[in-house]
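The structure appears right after this line, and notes come after that.
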Amino acid sequence: MHDSVIAQSILKDLKEYGEVKEANLEVGELFGIKPDHLVEHLNDVTDIKFNVEQTQSVVKCSCGFNGRAKIVERLHDFVLYECPKCEGEVEVISGDKIVIKEVKCA
3 MHDSVIAQSI LKDLKEYGEV KEANLEVGEL FGIKPDHLVE HLNDVTDIKF
53 NVEQTQSVVK CSCGFNGRAK IVERLHDFVL YECPKCEGEV EVISGDKIVI
103 KEVKCA
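Under the working numbering, residues 3 to 108 are what the sequence shown spells out, in order.
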């Protein structure tokens, strides 16, 4: 269900562009869906061609660490992560969203 809701949200955003034939998306590694699962759900409901790339996270920690988060556990709809230096909570700078990077219209 979670994956279908995400797919529908992306399609809603793409409607702003008119008749879309292809879209390039970036899925952050901390977002709760794997790129291949997202494409699967999108292909179930539309003929738009999707090119999906997973992007690495960038986080900031109070210990001074700035860089990629350590992924502790990845389940179907969420990702548990921490600071790789101190194992503390981090502030996510990037890598926790889906971004529409490019759209090609008919």
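Glycine included, each C-beta is placed from N, C-alpha and C at the ideal position.
| field | For residue 17, the three-state DSSP class (helix, strand or coil) | value | helix
| query | Which residues in the same chain as residue 3 place their Cβ atom closer than 8 Å to its Cβ, once the five residues preceding and following it in sequence are excluded? | reply | Interpretation of residue 3 is limited by its pLDDT of 49, a score under 50 that renders its predicted location unreliable; the figure taken from the coordinates is listed afterwards. Result list for residue 3: empty, nothing under 8 Å.
| query | From residue 87 to residue 67, what does the alpha carbon distance come to, in whole angstroms? | reply | 7 Å
| Which of helix, strand or coil does DSSP assign to residue 25? | strand
| Where the alpha helix (DSSP H) through residue 40 begins and ends | 37-47
| Spatial neighbours of residue 18 in its chain, beta-carbon cut-off 8 Å, leaving aside the 5 residues before and after | none
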